[in-house]
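Student:
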Amino acid sequence: MNSADSAVAVWWVLTALTTGSFVVIEGGLVTSIAAALITAMTAYKARLIILHFIEAKHAPATWRLLYLTWAFAMTSIIVVGNYTAIIVSCKSECFS
């Protein structure tokens, strides 16, 4: 598979993930799991963009590790922050 075919394949995956995010939200799956699912899908999209379009897959292993660690850290911060907000909100509403 040449680089043009690879870029098209990655583009289709990105399109499918974007459509999947839309379906999760518009399909009525408004739960705490929906937020984590969409955040994970977005992190995977960021990974694909970093590796294939920024061409980090040809970068030294140290740089790839830094890019992917950044994506994982940002995803973790968002998910933990979201669940923390849900817990705090529940405690203030449930016990007042």
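The working numbering numbers the first residue of the sequence shown as -3 and each following residue consecutively. For each residue, glycine too, the CB sits at the ideal point set by N, CA and C.
#1: Closest by CA to MET70, which one among ILE82, PRO56, ALA42?
#2: Do ILE93 and SER17 have their C-beta atoms closer together than 7 Å?
#3: Rounded to whole angstroms, what's the CA-CA distance from SER2 to GLU51? Just pull it up for me.
#4: In this structure, does DSSP put ALA97 in helix, strand or coil?
#5: What residue range does the alpha helix (DSSP H) around GLY16 cover?
#6: Which of the three DSSP states is assigned to THR27 in this structure?
#7: Does chain E have any CB closer than 7 Å to the CB of MET37?
Tutor: Answer, in terms of the structure:
#1: ALA42
#2: Only positions -3 to 92 of the chain appear in this structure, which leaves residue 93 out of reach.
#3: 12 Å
#4: Nothing about residue 97 can be read from this structure; the chain reaches only from -3 to 92.
#5: -1 to 22
#6: coil
#7: Protein chains in the displayed structure number just one, and chain E is not present.
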